[in-house]
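**Student:** Residue numbers (our numbering): 1 to 569.
Backbone N, C-alpha and C define an ideal beta-carbon position, used for all residues, glycine too.
A single structure is presented below for examination.
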């Protein structure tokens, strides 16, 4: 039977991932470029519309299935599946990202490490959706009985190869073996019968839900229980993913134009990671089957010269800085505001008001220069400045009512420190400027109180000590490959430069109760820092949620259940 294979390198014999009947293989050949590989592009046409492939790639976020199996199971039997999905997508996801998957050249990169996926997603102009560690268990094994982690050839050929394999299995054993214990603990701390469920304009416990209420709101006790179980699952995975290493294999759907792929593939071909180079080579081979004229430059002198430039630049600056003695400061702050409008001034908020109202005047007073607009904004009375800003901002009914571009004239630079798992979640805000340091163990980790509660703190600390020890050994000769062993629970640093308009979106979206508690805290702290320096700007961030709830996703799950019933999804 035709089979799909997973290869970690060109010389790898491969692992058989899944097999297909002859009919299934024929159906797949009409819509994908390679039925035998874990890297493939999708063929748009009568058999696969942009709606269908956009919906299919979006499904990666919540499923363990491969793209091939998803197509055969959900999309081949139902030609309307894509449209049905997008007509109901707000129910399940509540964000705008999946709309992006319905345009561009679609590709699937499956069973790729999280480290390589970060290199893919570092190309800002593409669109990406990957399998979520918040909603999908990573306890499944490959058909050969191995856990799903990347086996880097450079590490395996080093004297630490056996230690690497042993540690990977140990981390996944702890992750898998304690998931149920964590779920049981969360349920014991937040019993179903004690939960108040927000349904429409009322808040009730399951025991208080009457037949009249069920009929009015279209929800049953069974729906409440399912929503509760989903919230518990998300909460448990939020905590337990601290055990997962960056070697963890995942799936990512990519939608981008040829220019984006050009830059992405060139950068990955210049990567010091063998995996990234192999994935890039595989992506190029599949794109060449669809748009060879648009990817031709990658294989010619233009591409090779650019890759040489990238490689030499990276090598030279790293060697030049090697003499610096670094002593990482383990700052207690997760969020430091480094730069902002009016820094050093007696009244930073006044400086922000002048810049903001000046930009508004420039937009609406035809013929005025920016210099004159700022001059007028500085000279008018305070009350008039604030009234101009108020009128311009309007009455925002929800977080999707965006403020205008004048807010883009106020820039902020944040130095962020957070668990690596949180960086993974926040990296997707690609409009701002983000740059991270290598994933390391030098900033340490914290042991969650929930690990103490279920009796796994000693195990966690022991495993993290092993991670730190192996990282230190590998870092001496394989600094990039050493990142594979670092787990989501270790801290990392990255900076984020964004304007005020972007921060409205970031802070309001990432502080919603359904978000991960760790990145909610970062979003809340960023908002607080802005409010301290620019209270006028922060006063219009009406939808930043400062609450602290353990089962924060519960309300979102209830809304999903109600809408599902209403649409019979």
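Measuring alpha carbon to alpha carbon, tell me which of 397, 405 and 320 ends up nearest residue 357.
**Tutor:** In the chain shown, counting from the first residue as 1, residue 357 sits at position 357. Of the listed residues, the one whose Cα sits closest to residue 357 is 405.
**Student:** Could you check the C-alpha separation between residue 12 and residue 270 for me, to the nearest Å?
**Tutor:** On the chain shown, residue 12 is found 12 positions in, with the first residue counted as 1. On the chain shown, residue 270 is found 270 positions in, with the first residue counted as 1. Residue 12 and residue 270: Cα-Cα distance of roughly 21 angstroms.
**Student:** Between the C-alpha atoms of residue 483 and residue 431, what's the straight-line distance to the nearest angstrom?
**Tutor:** Within the chain shown, the letter at position 483 stands for residue 483. Within the chain shown, the letter at position 431 stands for residue 431. Between residue 483 and residue 431, the C-alpha separation is close to 26 angstroms.
**Student:** Between residue 6 and residue 463, what straight-line distance do the alpha-carbon atoms span, to the nearest angstrom?
**Tutor:** If you number the chain shown from 1, residue 6 lands on position 6. If you number the chain shown from 1, residue 463 lands on position 463. Looking at the two C-alpha atoms, the distance is approximately 28 angstroms.
**Student:** Buried or exposed: where does residue 138 fall if 16 or more other Cβ atoms within 10 Å of its Cβ makes it buried?
**Tutor:** Position 138 of the chain shown holds residue 138. Counting Cβ neighbours within 10 Å, residue 138 comes out buried, since at least 16 surround it.
**Student:** Which two residues bound the contiguous beta strand (DSSP E) that contains residue 499?
**Tutor:** Within the chain shown, residue 499 is the residue found at index 499, counting from 1. From DSSP, the beta strand (DSSP E) with residue 499 extends over 491 to 499.
**Student:** Count Cβ pairs between the stretch 171 to 184 and the stretch 438 to 454 that sit closer than 8 angstroms; are there 3 or more?
**Tutor:** yes
**Student:** Less than 8 angstroms between the C-beta atoms of residue 247 and residue 149, yes or no?
**Tutor:** Position 247 of the chain shown, counting from 1, holds the residue named residue 247. Position 149 of the chain shown, counting from 1, holds the residue named residue 149. Closer than 8 angstroms, so yes.
**Student:** Suppose you measure from the CA of residue 199 to the CA of residue 87; what does that come to, to the nearest Å?
**Tutor:** Within the chain shown, residue 199 is the residue found at index 199, counting from 1. Within the chain shown, residue 87 is the residue found at index 87, counting from 1. The straight-line gap from Cα to Cα measures roughly 22 angstroms.
**Student:** By the 10 Å Cβ neighbour count, where 16 or more other Cβ atoms means buried, how is residue 569 classified, buried or exposed?
**Tutor:** Locating residue 569 in the chain shown gives position 569, where the first residue counts as 1. Bear in mind that a pLDDT of 46 at residue 569, under 50, signals an unreliable position, so the model cannot answer this.
**Student:** Look up residue 143 in the DSSP assignment and give the residues it is bridged to.
**Tutor:** What you label residue 143 is simply residue 143 of the chain shown in a count that begins at 1. In the DSSP output, where bridge partners are listed per residue, residue 143 has none listed.
**Student:** Going along the chain, which residues of its own chain have a beta-carbon closer than 8 angstroms to the beta-carbon of residue 273, five neighbours each way excluded?
**Tutor:** To locate residue 273, count along the chain shown from 1; it is residue 273. Once the five neighbours on either side are set aside, the close Cβ partners of residue 273 are 115, 116, 119, 152, 480 and 481.
**Student:** Taking all protein chains shown into account, do 16 or more other C-beta atoms lie within 10 angstroms of the C-beta of residue 210, making it buried, or fewer, making it exposed?
**Tutor:** As a first step, residue 210 is located in the chain shown; it is residue number 210 there, counting from the start. Flag for residue 210 reads exposed.
**Student:** Using the rule of at least 16 other Cβ atoms within 10 Å of the residue's Cβ for burial, across every protein chain shown, is residue 567 buried or exposed?
**Tutor:** Position 567 of the chain shown holds residue 567. The predicted position of residue 567 is uncertain, since its pLDDT is 49 and thus under 50; no value can be drawn from it.
**Student:** Of the choices 26, 369 and 103, whose alpha-carbon is the least far from that of residue 52?
**Tutor:** Walking along the chain shown from the start, residue 52 turns up at place 52. For residue 52, the closest C-alpha among the options 26, 369 and 103 is that of 103.
**Student:** For residue 319, which of helix, strand or coil comes out of DSSP?
**Tutor:** The residue you call residue 319 lines up with position 319 of the chain shown. It is helical.
**Student:** What beta strand (DSSP E) runs, 3 residues minimum, are completely inside the stretch 318 to 379?
**Tutor:** 335 to 340
**Student:** Measure from the alpha carbon of residue 527 to the alpha carbon of each residue in 72, 412 and 427, then state which is nearest.
**Tutor:** Position 527 of the chain shown, counted from the start, is the residue given in the question as residue 527. Closest by alpha carbon: 412.
**Student:** Tell whether a beta-carbon distance below 8 angstroms holds between residue 255 and residue 127.
**Tutor:** Position 255 of the chain shown holds residue 255. Position 127 of the chain shown holds residue 127. Yes; because the gap between Cβ atoms is below 8 angstroms, this pair is in contact.
**Student:** What first and last residue would you give for the alpha helix (DSSP H) that runs through residue 212?
**Tutor:** In the chain shown, counting from the first residue as 1, residue 212 sits at position 212. In the DSSP assignment, residue 212 falls within the unbroken alpha helix (DSSP H) covering 211 to 217.
**Student:** So, is residue 61 buried or exposed, given that buried needs 16 or more other C-beta atoms within 10 angstroms?
**Tutor:** Numbered from 1 along the chain shown, position 61 holds the residue referred to as residue 61. Residue 61 comes out buried.
**Student:** According to DSSP, is residue 583 helix, strand or coil?
**Tutor:** Since the displayed the chain opens at 1 and closes at 569, residue 583 lies outside it and no answer follows.
**Student:** Who pairs with residue 451 in a beta bridge, going by DSSP?
**Tutor:** Position 451 of the chain shown, counted from the first residue, corresponds to residue 451. Answer by DSSP bridge pairing: none, since residue 451 is not bridged.
**Student:** Taking Cβ positions, are residue 109 and residue 260 nearer each other than 8 angstroms?
**Tutor:** Looking up residue 109 in the chain shown gives position 109. Looking up residue 260 in the chain shown gives position 260. Against a cut-off of 8 angstroms, the Cβ pair of residue 260 and residue 109 comes out as no contact.
**Student:** Taking all protein chains shown into account, do 16 or more other C-beta atoms lie within 10 angstroms of the C-beta of residue 359, making it buried, or fewer, making it exposed?
**Tutor:** Numbered from 1 along the chain shown, position 359 holds the residue referred to as residue 359. Burial call: buried.
**Student:** Threshold first: 4 residues or longer. Then list the alpha helix (DSSP H) segments lying entirely within the stretch 378 to 441, N to C.
**Tutor:** 382 to 393 and 420 to 426
**Student:** If you measure between the beta carbons of residue 3 and residue 24, is that distance less than 8 angstroms?
**Tutor:** Position 3 of the chain shown, counting from 1, holds the residue named residue 3. Position 24 of the chain shown, counting from 1, holds the residue named residue 24. No. Outside cutoff.
**Student:** Can you give, in chain order, each stretch of the alpha helix (DSSP H) that sits fully within the stretch 52 to 92 and has at least 4 residues?
**Tutor:** 67 to 70 and 81 to 92
**Student:** Taking the C-alpha atoms as reference points, what is the distance between residue 113 and residue 34?
**Tutor:** Taking the first residue of the chain shown as 1, we reach residue 113 at position 113. Taking the first residue of the chain shown as 1, we reach residue 34 at position 34. Roughly 20 angstroms separates the two Cα atoms.
**Student:** Just the C-alpha distance for residue 310 and residue 296, rounded to the nearest angstrom, thanks.
**Tutor:** Walking along the chain shown from the start, residue 310 turns up at place 310. Walking along the chain shown from the start, residue 296 turns up at place 296. For residue 310 and residue 296, the distance between alpha carbons rounds to 19 angstroms.
**Student:** Hey, out of 142, 222 and 228, whose CA is closest to residue 190's CA?
**Tutor:** One-based indexing of the chain shown puts residue 190 at position 190. Residue 190 has its Cα closest to that of 228, out of 142, 222 and 228.
**Student:** Using only alpha-carbon positions, find the residue among 29, 385 and 50 that is nearest to residue 100.
**Tutor:** Along the chain shown, one-based indexing puts residue 100 at 100. Ranking 29, 385 and 50 by Cα distance to residue 100 puts 50 first.
**Student:** Alpha carbons only, please: which of 237, 313, 145 and 471 is nearest the one belonging to residue 15?
**Tutor:** By 1-based counting over the chain shown, the position of residue 15 is 15. Ranking the options by Cα distance to residue 15, first place goes to 145.
**Student:** Verify the CB distance criterion: does residue 416 have a CB-CB separation below 8 angstroms to chain D?
**Tutor:** Absent from the structure: chain D. Only one protein chain is present.
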